[in-house]
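*Asks:* The structure follows.
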Amino acid sequence: MEDLARVLKHVDIKVATDSHIYLKDPDICKDCAEKPCTLFCPTGVFYWDKHLNITYEHCIECGACPFGCPFNNIIWTYPPGGYGVEYHS
Amino acid sequence: MNKKHFDCIVVGAGPAGSTAALTIARENMSVLLIERGTSPGAKKLFGGLIHRSAVDEIIPGFWERAPVERAIVTDELWLLDQTSAVKIGFTGLNYAKPPYNKFSVIRYKWDKWLADEAVRAGAFLLNNTVVRHLVTEQTGLKAKKFIGVELDNGEQVYANIIILAEGANAALTEEAGLRKPITAKNLSLHTMELYSLPAKKIEERFNVGPNEGAVIGAIGYPFAGAIGKVGIWLQKDTIALTVGALLDQIVTGKLNPYQLIIQTKKHPLINSLLAGCKLLSYGSHTIPKGGYDTLPQLFSNGIMVVGDAAGFISGRRGADLAMLSGMYAGETAAQAHAKGDYSTKVLKAYLNKIQDSFFYKDIKASKESSDYFHNYQDADFLITKTANELAYEFFHVGLENKKEKMKKMKNIALSIQPVLKTSEDLYQGVQHWGFF
Chain A
1 MEDLARVLKH VDIKVATDSH IYLKDPDICK DCAEKPCTLF CPTGVFYWDK HLNITYEHCI
61 ECGACPFGCP FNNIIWTYPP GGYGVEYHS
Chain B
1 MNKKHFDCIV VGAGPAGSTA ALTIARENMS VLLIERGTSP GAKKLFGGLI HRSAVDEIIP
61 GFWERAPVER AIVTDELWLL DQTSAVKIGF TGLNYAKPPY NKFSVIRYKW DKWLADEAVR
121 AGAFLLNNTV VRHLVTEQTG LKAKKFIGVE LDNGEQVYAN IIILAEGANA ALTEEAGLRK
181 PITAKNLSLH TMELYSLPAK KIEERFNVGP NEGAVIGAIG YPFAGAIGKV GIWLQKDTIA
241 LTVGALLDQI VTGKLNPYQL IIQTKKHPLI NSLLAGCKLL SYGSHTIPKG GYDTLPQLFS
301 NGIMVVGDAA GFISGRRGAD LAMLSGMYAG ETAAQAHAKG DYSTKVLKAY LNKIQDSFFY
361 KDIKASKESS DYFHNYQDAD FLITKTANEL AYEFFHVGLE NKKEKMKKMK NIALSIQPVL
421 KTSEDLYQGV QHWGFF
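Line by line, the protein sequences give chains A and B. As numbered in my numbering, the first sequence has no gaps in its residue numbers, which increase by one up to the final residue, 89. As numbered in my numbering, the second sequence has no gaps in its residue numbers, which increase by one up to the final residue, 436.
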């Protein structure tokens, strides 16, 4: 996803110290055959490498992941106030 | 924050929340407007269309002062296939003059302006703040009322009425027990790229005058197996390209939103519109698409839900309906304040106002289209394919006579699917276009 990295350079994200996205039970992801979160996330926050990795630093806060996960295993909360994605002129 | 109690707290300074705060502040009530971004609209790249008639009711003649980009004069629907498009469109130059029809806006400018209107009317705006929980008080064995909010620093702030304008995710609305959990079936996911192009070039390319704009909606390409939608609209010197589909269909179709954007840009008819554009930004958001069946309970003791959190989306309209719902909730809060009663007895006036609104009737009426598109996931794709093949044949200058040509066209329709289903799909497609 070389291009996505290029696109993300155009997005300002103030990254908080702690992730605002986490899993209820990481073991559930092991049994998930399709791992759709690695596809439907618009900025590729989720990727599989032995376990499910969450690059919350790339999150642009569409809020789709908790609803797109077929096992309801993703908890997505708002980043702390003033953090996260920001658009301006 | 020094002040701990307000007449009203509004969660979220988007179009719905700021309008609620503005309406309440105009009644000389104290209102706290809470925004999680560094400023209102800072989180939003989307939602660039404002319909004049609704907003005019809230702020008469708003276009004189508001940061509007272009007055939309051209609306087109493209049925897009690999190398062709059947285009349905209208250009009305009267829409370029007062009182106008609709405007493109940039949300981080529009939302900021609207929140500033509320602040000028007396509202207190608190940026950089997330509301984590609601605070309740037991009023009986099973009854409770909502009395405040808990901020992300742990602090609690109290009010007689809480208005939730938190957007599509509506986590607090769920915490309040006012709605069922959202599912992928009633949410659509949209992704957008924003490009810059000099105003003059935009006007030449889209055949519009200075300050005039166009909106193009396209269906068919690049989607198969998902009801998707492409949107292109124009700001002063920027162009937005959006691609979206229902989340459950993105998930089961193994679609990647960014790849959909890439593929859409590759279409020759879209590619030429974007030639020479410079990428400015990339964003994504969800829109509630559950329709009537998933509307939440809109109020309870000391609380009301407005805007996207309440699922007030009808066709391509969202921001202006959000503002109207914010105004109704604000008016109801003022009535409750005057009576000193914040219970459901008075707050049900909000539901009455919503039920009397045109958009509630539209959302109710579009119930069947929602079912239709869930049942026929390939409807757009087939409609588009059929229409384009028929059009290719219709405009083709060949050597056959008219009777032969008609026969050929009939065969095209028949080869794609039984003719009855095709005409039914076309009819339903046109009928339910508003659903998008």
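A virtual CB, placed ideally from N, CA and C, is assigned to each residue, including glycine. As the structure is a prediction and not an experimental result, all values here were calculated from the model.
Exposed or buried, which one is Ile-182 (chain B) when buried takes at least 16 other CB atoms within 10 Å?
*Replies:* The residue in question, Ile-182 (chain B), is buried, as its Cβ has 16 or more Cβ neighbours within 10 Å.
*Asks:* Please say whether Trp-110 (chain B) and Gly-41 (chain B) have beta carbons closer to each other than 8 Å?
*Replies:* Cβ distance < 8 Å, so Gly-41 (chain B) and Trp-110 (chain B) count as in contact.
*Asks:* Going by DSSP, what residue range makes up the alpha helix (DSSP H) through Met-192 (chain B)?
*Replies:* That residue, Met-192 (chain B), is in no alpha helix (DSSP H); its beta strand (DSSP E) goes 187-196.
*Asks:* Roughly how many angstroms separate the alpha carbons of Ile-162 (chain B) and Asp-81 (chain B), rounded to a whole number?
*Replies:* For Ile-162 (chain B) and Asp-81 (chain B), the distance between alpha carbons rounds to 48 Å.
*Asks:* Which runs of the beta strand (DSSP E) spanning at least 3 residues fall entirely within the region 76-135 of chain B, listed in chain order?
*Replies:* Fully enclosed beta strand (DSSP E) runs of 3 or longer: 85-91, 102-105, 124-126.
*Asks:* According to DSSP, is Lys-402 (chain B) part of a helix, a strand, or is it coil?
*Replies:* Three-state result, Lys-402 (chain B): helix.
*Asks:* May I ask you to list, following chain order, the residues of the region 42-70 of chain A that have a beta carbon less than 9 Å from some beta carbon of chain B?
*Replies:* Within the region 42-70 of chain A, the qualifying residues are Pro-42, Thr-43, Gly-44, Ile-60, Glu-61, Cys-62, Gly-63, Ala-64, Pro-66, Phe-67, Gly-68, Cys-69, Pro-70.
*Asks:* Cα-Cα, which of B:Lys-364, B:Glu-193, B:Leu-234 is closest to Pro-210 (chain B)?
*Replies:* Minimum Cα distance to Pro-210 (chain B) is reached at B:Leu-234.
*Asks:* Check whether the region 257-265 of chain B touches the region 188-206 of chain B, counting contact only when three or more Cβ pairs, one atom from each stretch, lie closer than 8 Å.
*Replies:* These segments touch.
*Asks:* In or out: Pro-79 (chain A) buried (at least 16 other Cβ within 10 Å) or exposed?
*Replies:* Buried.
*Asks:* Check whether the region 340-357 of chain B touches the region 277-291 of chain B, counting contact only when three or more Cβ pairs, one atom from each stretch, lie closer than 8 Å.
*Replies:* Output reads no: the region 277-291 of chain B does not touch the region 340-357 of chain B.
*Asks:* Please confirm whether Thr-384 (chain B) has its beta-carbon closer than 8 Å to some beta-carbon of chain A.
*Replies:* Output row for Thr-384 (chain B): interface = no.
*Asks:* Could you work out which residue in B:Gly-167, B:Gly-291, B:Lys-3, B:Ser-53 is closest to Ala-365 (chain B) when comparing CA atoms only?
*Replies:* Nearest C-alpha to Ala-365 (chain B): B:Gly-291.
*Asks:* Can the beta-carbon of Leu-247 (chain B) be found closer than 8 Å to that of Gly-68 (chain A)?
*Replies:* Yes, they are a contact pair.
*Asks:* If you count every other CB in all the chains shown that lies within 10 Å of the CB of Phe-359 (chain B), and 16 or more means buried, which is it?
*Replies:* By the 10 Å Cβ count, Phe-359 (chain B) comes out buried.
*Asks:* Only counting the same chain, and skipping five residues up and downstream in sequence, which positions put a Cβ closer than 6 Å to that of Asp-12 (chain A)?
*Replies:* These residues qualify, in order along the chain: Glu-86.
*Asks:* Using a Cβ-Cβ cut-off of less than 7 Å, give me the residues of the region 185-205 of chain B that come near chain A, in sequence order.
*Replies:* Here the close residues are Leu-187, Leu-189, Thr-191.
*Asks:* Can you give me the C-alpha to C-alpha distance between Asn-301 (chain B) and Ala-329 (chain B), rounded to a whole angstrom?
*Replies:* Roughly 13 Å between the two C-alpha positions.
*Asks:* Ignore the nearest five residues each way along the sequence and tell me which others in Val-251 (chain B)'s own chain have a CB closer than 8 Å to its CB.
*Replies:* Hits under 8 Å: Ala-184.
*Asks:* Could you compute how far the alpha carbon of Leu-280 (chain B) sits from the alpha carbon of Lys-265 (chain B)?
*Replies:* Rounded to the nearest angstrom, the two C-alpha atoms are 15 Å apart.
*Asks:* Is the beta carbon of Pro-29 (chain A) less than 8 Å from the beta carbon of Asn-73 (chain A)?
*Replies:* According to the sequence displayed, residue 29 (chain A) carries Cys and not Pro. Going by C-beta atoms, Cys-29 (chain A) is nearer than 8 Å to Asn-73 (chain A).
*Asks:* What residues match up with Ala-334 (chain B) in a beta bridge as DSSP calls it?
*Replies:* DSSP output for Ala-334 (chain B) lists no bridge partner at all.
*Asks:* Chain A beta carbons: is any one of them nearer than 8 Å to that of Lys-3 (chain B)?
*Replies:* Not one chain A Cβ lies under 8 Å of Lys-3 (chain B).
*Asks:* Is Leu-279 (chain B) helix, strand or coil by DSSP?
*Replies:* Here Leu-279 (chain B) sits in strand by DSSP.
*Asks:* Helix, strand or coil, according to DSSP, for Val-243 (chain B) in the structure here?
*Replies:* Three-state DSSP puts Val-243 (chain B) in a strand.
*Asks:* Measure from the C-beta of Val-85 (chain A) to each C-beta in chain B and report whether the shortest distance is under 8 Å.
*Replies:* Taking Cβ atoms only, chain B reaches closer than 8 Å to Val-85 (chain A), which makes this a yes.
*Asks:* Under the DSSP definition of a beta bridge, which residues are partnered with Ala-218 (chain B)?
*Replies:* B:Trp-78, B:Val-230.
*Asks:* Helix, strand or coil: which one does DSSP assign to Glu-69 (chain B)?
*Replies:* Glu-69 (chain B) falls in the strand class under three-state DSSP.
*Asks:* Check Arg-52 (chain B) in the structure and name its three-state DSSP category.
*Replies:* Helix.
*Asks:* Considering only the alpha carbon of each residue, which of B:Asn-153, B:Asp-152, B:Gly-154, B:Tyr-158 lies closest to Phe-146 (chain B)?
*Replies:* Here the closest residue by C-alpha is B:Tyr-158.
*Asks:* Considering only the alpha carbon of each residue, which of B:Leu-93, B:Ile-59, B:Pro-60 lies closest to Arg-70 (chain B)?
*Replies:* Nearest of B:Leu-93, B:Ile-59, B:Pro-60 to Arg-70 (chain B), Cα basis: B:Leu-93.
*Asks:* Can you pull out the residues from the region 279-300 of chain B whose beta carbon lies closer than 7 Å to at least one beta carbon of chain A?
*Replies:* The region 279-300 of chain B vs chain A, Cβ under 7 Å: Leu-279, Leu-280, Ser-281, Tyr-282, Gly-283, Ser-284, His-285, Thr-286.
*Asks:* Excluding five sequence neighbours on each side, which residues of the same chain lie with their C-beta closer than 8 Å to the C-beta of Glu-393 (chain B)?
*Replies:* Correct list, in chain order: Lys-405, Lys-408, Met-409, Ile-412.
*Asks:* Exposed or buried, Asn-166 (chain B), counting other C-beta atoms within 10 Å across all chains shown (16 or more means buried)?
*Replies:* Per the sequence presented here, residue 166 (chain B) reads as Glu, with Asn not at that position. By the neighbour-count rule (16 or more Cβ atoms within 10 Å), Glu-166 (chain B) is buried.
*Asks:* Is the region 132-150 of chain B close to the region 103-121 of chain B, with three or more CB pairs under 8 Å?
*Replies:* No, they do not touch.
*Asks:* Can you confirm whether Tyr-78 (chain A), when its beta carbon is compared against all beta carbons of chain B, has any partner nearer than 8 Å?
*Replies:* Yes - at least one Cβ of chain B is within 8 Å of the one on Tyr-78 (chain A).
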